[in-house]
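For my numbering, add 21 to where a residue sits in the sequence shown, where the first one is 1.
Below is one structure, written out as structure tokens; the observations come after it.
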Amino acid sequence: MSVLLRSAIGGALLALPFAASAGGVLCEPPYNFGIKNGPDPVLCAIQATAKRFLDQRNVADKTDWRPLGPDYRSWVPPCRVPMKAAWATNEPRKSVLVSCRRTIASAHERNWEIAVSVYSDSEQRLYDIHLAAEGFVRSESRTGKLHREAGYPRNETLVPKCAVPFAVNWRDGTKNSVDVVCAKTVQTTWGKGKWRVAVPIEPAPAQTSIDCWAKIPAIAPCDDAWVTEGRKGVARSPAA
């Protein structure tokens with residue numbers, strides 16, 4: 022989720038009433054806990070503005086988009102005028118652009134824009150695509166001794182849920198990626214009826230012979246000088 026601070030506000034924007042900083046503000050995690058002084062009223066208002074925009078679009082377009090919320094680590098000054106929202110056009114993921122054209126007088130930034138990523142119940146989880154690729158690679162590894170593992174699709178990948186089992190095949194002759202293929206998706210107003218998503222294939226971590234954390238006390242001692250892969254250590258001979 023990116024934060025965009027721009028000097029100019031462009032594009033057709035839908036005016037929305039400014040959300041109050043207390044009371045009826047929609048304030049969901051991670052904005053409503055873990056902050057020393059309580060919920061961040063500006064981030065809560067941004068999230069509420071994005072949600073109202075999406076609620077209107079969902080009714081008009083028969084969709085079910087919901088906001089993930091702005092990046093909770095971001096900071097922008099309070100807005101003096103009603104915030105506006107529109108679909109973002111230059112973000113890698115589908116997002117709503119929430120903007121303020123005039124902040125409080127004491128603020129260094131006089132206007133700002135924040136992209137709020139959205140999600141849908143009819144969206145296919147990237148983790149499911151990863152698992153399909155991982156299962157294919159493991160099967161290939163057993164037969165061909167590839168010693169590889171599947172990565173994840175690009176973060177901006179947005180496809181509808183698949184209504185049939187995935188098909189997976191090698192993308193090219195180098196075996197550096199696979200295609201996870203869906204021949205039929207659930208019906209949506211925003212996605213295609215089928216899709217093909219590339220997943221990178223990476224070398225698997227080296228196999229090791231001794232799990233240092235399992236040896237307590239260890240017959241072959243573990244220390245920081247050992248070569249490690251994750252939680253595995255390559256044992257040296259015990260010291261004389």
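All C-beta atoms in this analysis are idealised placements derived from N, C-alpha and C, irrespective of residue type, glycine included.
None of the values given here were measured: they were computed from a predicted structure.
Query - C-alpha gap between D85 and T164, whole angstroms - result: For the purposes of this step, residue 85 is taken as the residue at position 64 of the sequence shown. For the purposes of this step, residue 164 is taken as the residue at position 143 of the sequence shown. Computed Cα separation, rounded: 43 Å.
Query raised in the report: If we call anything under 8 Å between Cβ atoms a contact, is P174 one with T206?
Result: Indexing the sequence shown from 1 puts residue 174 at position 153. Indexing the sequence shown from 1 puts residue 206 at position 185. Between P174 and T206, the C-beta gap is not smaller than 8 Å, which leaves the two residues out of contact.
Query raised in the report: In whole angstroms, what is the alpha-carbon distance linking A69 and T178?
Result: Here residue 69 is taken as the residue at index 48 of the sequence shown, counted from 1. Here residue 178 is taken as the residue at index 157 of the sequence shown, counted from 1. Approximately 25 Å between the Cα atoms of the pair.
**Report entry** Euclidean distance between Cα positions of K166 and Y93
**Finding:** For the purposes of this step, residue 166 is taken as the residue at position 145 of the sequence shown. For the purposes of this step, residue 93 is taken as the residue at position 72 of the sequence shown. When rounded, the distance between both Cα atoms is 44 Å.
Report task. May I have the straight-line CA-CA distance separating V137 from D193, to the nearest angstrom? Result -> Residue numbering aside, residue 137 sits at position 116 when the sequence shown is read from its first letter. Residue numbering aside, residue 193 sits at position 172 when the sequence shown is read from its first letter. Rounded to whole angstroms, V137 to D193 spans 35 Å at the Cα level.
Query - Identified DSSP bridge partners for L118 - result: Here residue 118 corresponds to residue number 97 of the sequence shown, with the count starting at 1. DSSP lists A107, A136 as the bridge partner or partners of L118.
Query raised in the report: Which residue comes first and which comes last in the alpha helix (DSSP H) that contains I67?
Result: Stepping through the sequence shown from its first residue, residue 67 is reached at position 46. Counting along the chain, the alpha helix (DSSP H) containing I67 begins and ends at 62-82.
Query raised in the report: If we call anything under 8 Å between Cβ atoms a contact, is N111 one with C121?
Result: The residue given as residue 111 occupies position 90 in the sequence shown. The residue given as residue 121 occupies position 100 in the sequence shown. No, the pair does not count as a contact, with Cβ atoms beyond the cut-off.
Query raised in the report: So what's R192 in DSSP terms, helix, strand or just coil?
Result: What you label residue 192 is simply residue 171 of the sequence shown in a count that begins at 1. Here R192 sits in coil by DSSP.
**Report entry** Under the three-state DSSP convention, the category V201 falls into
**Finding:** Residue numbering aside, residue 201 sits at position 180 when the sequence shown is read from its first letter. Of the three classes helix, strand and coil, the one that applies to V201 here is strand, per DSSP.
Query raised in the report: Buried or exposed: G90, going by 16 or more other Cβ atoms within 10 Å of its Cβ?
Result: As a working note, residue 90 is residue 69 in the sequence shown. G90 sits buried, since 16 or more C-beta atoms from the chains shown fall within 10 Å of its C-beta.
**Report entry** V102 classed as buried or exposed, judged by whether at least 16 other C-beta atoms fall within 10 angstroms
**Finding:** Position 81 of the sequence shown, counted from the first residue, corresponds to residue 102. By the Cβ-count criterion, V102 is exposed, with fewer than 16 other Cβ atoms from all chains shown falling within 10 Å of its own Cβ.
Query raised in the report: Identify the residues that DSSP records as bridge partners of T124: which are they?
Result: Counted from its first residue, the sequence shown places residue 124 at position 103. Checking the DSSP bridge columns, you'll see T124 partnered with C100.
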